[in-house]
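S.K.: Protein chains in written order, with my numbering: chain U, 1 to 721; chain C, 1001 to 1156. Below: one structure in structure tokens.
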Amino acid sequence: MSALIERRALLKASGALIITFAFGPHFGRAASPKATKPVGLDSVDSYLAIDSGGLVTVYSGKVDLGTGVRTALSQIVAEELDVPFASVTLIQGDTDLTPDQGVTYGSLSIQNGGVQLRQAAATARRALLQLAAARMKVAPETLTIDSGTVVGAGQRRLALQALIGNQTLSIEVDKAAPLKNPDNYKLVGQSVQRLDIPGKVTGQFTFMQDFKVPGMYHGRVIRPAGVGAKLISFDETSIAGIPGIVKVVRQENFLGVVAKTEWAAIKAMRQLSVVWSDWAGLPASIELWQHVRQTQVIKDDVTSNTGDSVRALASSQHQLQATYDFAIHTHGSIGPSCAVAQFDGDRLTCWSASQGTHNLRKQLAAMLSLKDEQVRCVYVDGAGCYGRNAHEDAAADAALLARAVGAPVRVQWMREDEHGWDPKGPPTLLDMRAGIDSSGKISAWESELFIPDGAAGFVALVGADHAGLDSLGKLSPGGVIQDLAIPYTIENVKTVAHRLASTPFKPAWIRSPGRMQNSFANESFFDEIAAHQGVDPLAARLEYLSDARAKEVLERVATLSAWRTRPKPDWHASKSTGWGLAYTKYELVRTYVGVVCEAEVNRKSGEIAVKRFFVAHDCGQIINPDGVRNQIEGNVVQTVSRVMKEELRFSQSKVTSVDWASYPILQFPDVPIVVIDLIDRPHEVPWGAGEPTAALVPAAISNAVFNALSMFVSGSPQVIV
Amino acid sequence: MPAYQLNVNGKDVIADVDDPVMPLLYFLRNEMGLHGPRFGCGLGQCGACTVHLNGAAIRSCVYPIGNVQGKVVTLEGLGTPENLHPLQHAFIDEQAVQCGYCINGMIMQAAAFLKRIPKPTEDQVREELRPNLCRCGTHIRIVRAVMRAAQAESRA
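Below, the structure written as structure tokens:
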């Protein structure tokens, strides 16, 4: 029925590995490996192994966050090696077994991770053909590989696994190793069904939240009553009546309970009598945007600067300006973060759904004053995280508690922990200015972004902060200045990011960080200018773009949505339907997307209904079309939720959006129809699909509402100005 | 320690628990190793923990084990990889999963619903699933999968 089951049967039959080293997939979950497997980025052995049964194990530093890349990466390797898809197993994100291919973020799993795997497979393929040629005493060029078997003239056949004997390839990845011609692809480009879905719909799949080890206890952490509150005292007798309590663990302001059962740990967490100091250091929420404006600027990052925007603006015939703000968001994983930590002497193994186990290893080692080599982090699939949520923080909690009790500890955060303490998408403010010259051209474009300093680095671990320990954390909002520069050719442009010294809540990246906020401002402001000029938004964009792929993606979304024949909004009706367009060439260097949103606005109540989204999408070579569609749909629906429903609420002490009632998200009846046109370019490099569409959703909604009402939406959620 | 007689997925089991208020979810997951039902909120707000009690979809994260009387069915009891329930089949056919953490709730809610309303409209399905939250944005496929299962059932 499923590839998963076939694989399980195959795995059972597999013997020792022969191409490379004595490791098999079963090492993926073991507490400690018996020998050292290569994990360097340059070695083929780091990425691939073929065993005596012909089974291929892929070692991927990029992990499947619920996006389907386990399947897509397996397709890439099976294709390039010409082995049966069912013979490929993928091990992901294990610091002892997989190469550090970078954190799984930024829509880069296929674009970077997949391309690295493809090159390793191409190198292995060439080496295997050379070995076969020597064995068969023919020229390598006369040989091909078909379903894991080398085939020569006269139908001479040799199974891959019979080739190598008990030796390692020990070769370096060669960037010049020839890749297969995409015209001959059998797997890449096909909507292969996802490997994980049968297990996920039958309860057989092991999520991080399901993972257990023998002798494991359950931990919960009691968080401070205010973000910066100090622990004054606690009374252990208050939980004396709960059976199965193992220990109450305190380290400065870190306070946890460990129990033999999960329910006992939860009850103890709820019942423990604790006194915290008063703390009210957050800005008043109604003054958030003044607070952002008044925060100290550490430096300015100029992300583009052509011509002389100041002079052009001053001499322009018309000047336009607008301000856009974007609310604080939480990741909102449906499954709260979870981890299991186990010490073996002075070695720690931590199982986590972290999107960056290699970085987590460094952070845990720093927190515990261990060497990196003493910590092993192993990825286990969790609930979708959409960025750096709290998986890493749960890992820190589990490690601190496991060390304190000398036994393995599992920590799963409660709902209020996840909403209250995961790092947040920071509040983002943009000031925009444009000048129109006497010929009607946009002669000047300026933007100022107010955003915390930092990049996608280490986000401090909550437990470490509370315990007074260093976890290498620093301000890390993500790559938030991307897409502040614009894709349009305008003579005088200056885009500046004012990097702020602080932000009310510890920041981290949430899907399309910065790019979404910057695209919201850019694409909305572009429509304001077009409206001022009386020019159609599509025609206006085409006028300032010269790139053929940009034009194609816009033309295709226009056709898909019947843009040019769309009905004109009835500005006198009680409900008015508007249409909004938005475009990106993501980060100015990759995936092209054009979207059109159809939204209905109730002129009396102000209620906005997002009805339909049309998406034309060009991410170059498509590995798995249905996987890309699934991602695009998720991009649209999740971001409609963020724009229409979400805004973190807080008091001056703490987050008050602590559950789904106080932080509502989109529900089924409000989900729009999504219509997609995928542009496949098999001979181009593959780019990401996990983020680019999301970046456009806020502006497309804003532009549709503007079109419906002839006014602009310049805040999120739906603040009409 | 109080013992409760339960029937889970067709098997009689005795639950020895020290607290009758403990939600059913913890017994199913930690004592029986049934990982279909999942902890999402502990508040009955998201649906990830949904199981059937006497055929009705309930939130096992807030349902005290001491109050459980009758037959409990989890995702594992609905169907197996070798013998899929039509909804499980439809979710695979439609590839109606992203991370999959919410999917237990979607399938269990829909299964109880289709017993009551075998031929729903799409709007009825959306309304029925309103309390079930999905963060990945898989809603469109989930509705399609439920409609597909309903059609498959009505043909059978």
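We put the beta carbon where it would ideally sit given N, CA and C, even for glycine.
Checking contacts by CB at 8 Å: is U:H26 closer than that to chain C?
M.R.: Confidence is the limiting factor: at U:H26 the pLDDT is only 39, short of 50, which leaves the residue's position unreliable, though a coordinate-based value still follows. No, its Cβ sits nowhere closer than 8 Å to a Cβ of chain C.
S.K.: What number of angstroms, rounded off, separates the C-alpha of U:H617 from the C-alpha of U:V675?
M.R.: For U:H617 and U:V675, the distance between alpha carbons rounds to 11 Å.
S.K.: For a test of the three-state rule: what should DSSP assign to U:V725, helix, strand or coil?
M.R.: There is simply no residue 725 of chain U to check, as chain U begins at 1 and stops at 721 in what is shown.
S.K.: Report all residues from its chain with a CB closer than 6 Å to the CB of U:F23; omit the five preceding and five following residues, and keep chain order.
M.R.: In this prediction, U:F23 has a pLDDT of 36, which is less than 50 and means its spatial position is unreliable; nothing more can be read from the coordinates.
S.K.: Quick one, are the C-beta atoms of C:L1028 and C:P1020 less than 8 Å apart?
M.R.: Contact flag unset, no.
S.K.: Which partner residues does U:S605 have in the DSSP bridge list?
M.R.: According to DSSP, which records beta bridges pairwise, U:S605 is partnered with nothing at all.
S.K.: Look at the Cβ atom of U:W687, then the Cβ atom of U:T591, and state whether they are nearer than 8 Å.
M.R.: It is a contact, given that the beta carbons lie within the stated cut-off.
S.K.: So, at 8 Å on beta carbons, what are the nonlocal neighbours of U:H532 in its own chain, with the 5 sequence-adjacent residues on each side left out?
M.R.: Only H318, L320, I436 meet the Cβ criterion.
S.K.: Is U:T206 helix, strand or coil by DSSP?
M.R.: If DSSP states are grouped into helix, strand and coil, U:T206 belongs with coil.
S.K.: Using Cβ-Cβ distances below 9 Å, what residues of the region 173-197 of chain U are close to chain C?
M.R.: Cβ contacts with chain C come from S191, Q193, R194, D196, I197.
S.K.: Is any beta-carbon of chain U found at less than 8 Å from that of C:E1076?
M.R.: At least one chain U Cβ lies under 8 Å of C:E1076.
S.K.: With a CB to CB cut of under 7 Å and the five nearest residues on each side skipped, what residues in its chain are close to U:E418?
M.R.: Closer than 7 Å at the Cβ level, and outside the excluded window around U:E418, lie S333, P336, S337, A390.
S.K.: From this set, U:G406, U:A395, U:L429, which residue's C-alpha is nearest U:W413's C-alpha?
M.R.: Checked all of U:G406, U:A395, U:L429; the closest Cα to U:W413 is U:A395.
S.K.: Report the residue from U:V83, U:R157, U:A124 whose alpha carbon sits nearest the alpha carbon of U:S170.
M.R.: Checked all of U:V83, U:R157, U:A124; the closest Cα to U:S170 is U:A124.
S.K.: Is it the case that the region 558-566 of chain U contacts the region 601-608 of chain U, given that we only count it when at least three CB pairs across the two stretches are under 8 Å?
M.R.: No contact exists between the region 601-608 of chain U and the region 558-566 of chain U.
S.K.: Any beta carbon from chain C within less than 8 Å of U:A708's own beta carbon?
M.R.: No, because no Cβ of chain C sits closer than 8 Å to the Cβ of U:A708.
S.K.: Please tell me whether C:R1126 has its Cβ less than 8 Å away from any Cβ of chain U.
M.R.: It does; some Cβ of chain U falls within 8 Å.
S.K.: Looking at the strands, I want to know which residues DSSP matches up with U:P507.
M.R.: DSSP output for U:P507 lists U:K424 as bridge partner(s).
S.K.: Of all the residues that make up the region 1129-1143 of chain C, which are near chain U by a beta-carbon distance shorter than 9 Å?
M.R.: Correct list: L1129, R1130, P1131, N1132, L1133, C1134, R1135, C1136, G1137, T1138, H1139, I1140, R1141, I1142, V1143.
S.K.: Any C-beta of chain U within less than 7 Å: which residues of the region 1032-1056 of chain C qualify?
M.R.: Those residues of the region 1032-1056 of chain C that come within reach of chain U (Cβ to Cβ, closer than 7 Å) are L1034, H1035, G1036, R1038, F1039, G1040, C1041, G1042, L1043, Q1045, C1046, A1048.
S.K.: Indicate whether at least one CB of chain U lies closer than 8 Å to the CB of C:Q1151.
M.R.: It does not: the Cβ of C:Q1151 has no partner Cβ on chain U nearer than 8 Å.
S.K.: If you drop the 5 nearest sequence neighbours on each side, which residues of the same chain put their C-beta closer than 6 Å to that of U:P216?
M.R.: Residue identity differs from the one stated: residue 216 of chain U is Met in this sequence, not Pro. So the qualifying residues of the chain are P408, R410.
S.K.: Would you list, in sequence order, the uninterrupted alpha helix (DSSP H) runs of no fewer than 4 residues that lie entirely inside the region 510-588 of chain U?
M.R.: Runs found: 515-533, 537-543, 548-560.
S.K.: Tell me, please, which residues DSSP counts as bridged to U:T349.
M.R.: DSSP, once it has assigned bridges, lists U:Q342, U:R376 as partnering U:T349.
S.K.: Please classify C:H1052: is it buried, with 16 or more other beta-carbons within 10 angstroms of its beta-carbon, or exposed?
M.R.: It counts as buried.
S.K.: Taking C-beta pairs closer than 7 Å, name the residues in chain U that C:N1009 reaches, listed in chain order.
M.R.: Result: empty, since nearest Cβ-Cβ is about 10 Å, beyond 7 Å.
S.K.: How about U:V77 and U:V58: are their beta carbons less than 8 Å apart?
M.R.: The answer is yes: Cβ separation under 8 Å.
S.K.: Who are U:M269's beta bridge partners in DSSP?
M.R.: Note: U:M269 sits in no beta bridge, so no partner.
S.K.: Tell me the start and end of each unbroken alpha helix (DSSP H) in the region 66-151 of chain U that is at least 4 residues and wholly inside, in chain order.
M.R.: List check, alpha helix (DSSP H) in window: 69-81, 115-136.
S.K.: Any beta-carbon of chain U closer than 8 Å to the one on C:Y981?
M.R.: Outside the shown range of chain C, which is 1001 to 1156, sits residue 981 of chain C, and nothing can be said about it.
S.K.: Along the chain, where does the alpha helix (DSSP H) containing U:Q638 start, and where does it finish?
M.R.: Counting along the chain, the alpha helix (DSSP H) containing U:Q638 begins and ends at 625-645.
S.K.: Excluding the 5 residues flanking U:S273 on each side, which residues of the same chain have their C-beta closer than 7 Å to its C-beta?
M.R.: Closer than 7 Å at Cβ, skipping near neighbours: F234, D235, S238.
S.K.: Could one say the Cβ of U:T202 lies closer than 8 Å to chain C's Cβ atoms, at least one of them?
M.R.: Yes, because at least one Cβ of chain C sits closer than 8 Å to the Cβ of U:T202.
S.K.: Out of U:W421, U:G54, U:L648, U:I481, which one is the CA nearest neighbour of U:L128?
M.R.: Closest by alpha carbon: U:G54.
S.K.: So what does U:M432 bridge to, in DSSP terms?
M.R.: Partner(s): U:A322, U:S447.
S.K.: Determine the DSSP secondary structure at U:S710, reduced to helix, strand or coil.
M.R.: The answer is coil: DSSP assigns U:S710 none of H, G, I, E or B.
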